[in-house]
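Residue numbers (our numbering): 20 to 144.
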Amino acid sequence: LLLGRRLLAGRGTPAGARDPALAFSLSLGFVLHSAMMATGSIYKFLLFGTAWSFDPIETLGLVAWLAYGTLLHLHLFAGWEGRRLAGWSLGLFVLLVVSYRGIVYFPAWATYHVFDMDLRLHLIE
Numbered sequence: 020l021l022l023g024r025r026l027l028a029g030r031g032t033p034a035g036a037r038d039p040a041l042a043f044s045l046s047l048g049f050v051l052h053s054a055m056m057a058t059g060s061i062y063k064f065l066l067f068g069t070a071w072s073f074d075p076i077e078t079l080g081l082v083a084w085l086a087y088g089t090l091l092h093l094h095l096f097a098g099w100e101g102r103r104l105a106g107w108s109l110g111l112f113v114l115l116v117v118s119y120r121g122i123v124y125f126p127a128w129a130t131y132h133v134f135d136m137d138l139r140l141h142l143i144e
């Protein structure tokens, strides 16, 4: 809060060193999300024989990956920093939460990612 007030008053950190932790988090998130998309595609290919089928969860993951890449690109090459980068990063966080936890709002026939098994039945046998 105090740093935000200093930035608004013009007495903050230099323009190039505002928040290296945010840039590092975006870079790390992009790499990890890329690895998740790749391993998920390989796993789906092994299970179903196709790597991509426009499943709603896959599509939301792709949209989140493209948003990650766009935001990282804008930070690195267009000079986005500070409040603008932080605001769009929060929007990306909301998109990631929707793409990871939004599966409960899709009907079971719309996605392969609903594993509706009762584990207690398997423990009895």
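Ideal Cβ placement from N, Cα and C applies to all residues, glycine included.
Proximal residues to residue i (C-beta, below 7 Å), its chain only, five neighbours per side dropped
i, result
"Tyr124", "none"
"Ala86", "Leu111, Leu114"
Backbone CA spacing between residue i and residue j [nearest angstrom]
i, j, result
"Leu8", "Val113", "Past the edges of the chain, shown from 20 to 144, lies residue 8, and the structure says nothing about it."
"His94", "Pro39", "11 Å"
"Leu111", "Gly68", "31 Å"
"Ser83", "Leu115", "Note that residue 83 is Ala in the sequence shown, not Ser. The alpha-carbon atoms of Ala83 and Leu115 are separated by roughly 6 Å."
"Val50", "Phe43", "11 Å"
Beta-carbon separation (whole angstroms), residue i vs residue j, contact threshold 8 Å
i, j, result
"Pro71", "Ser60", "The question names Pro, but residue 71 is Trp in the sequence shown. Indeed they touch by this definition, with Cβ atoms about 7 Å apart."
Spatial neighbours of residue i in its chain, beta-carbon cut-off 8 Å, leaving aside the 5 residues before and after
i, result
"Ser118", "Ile76, Leu79, Gly80, Val82, Ala83"
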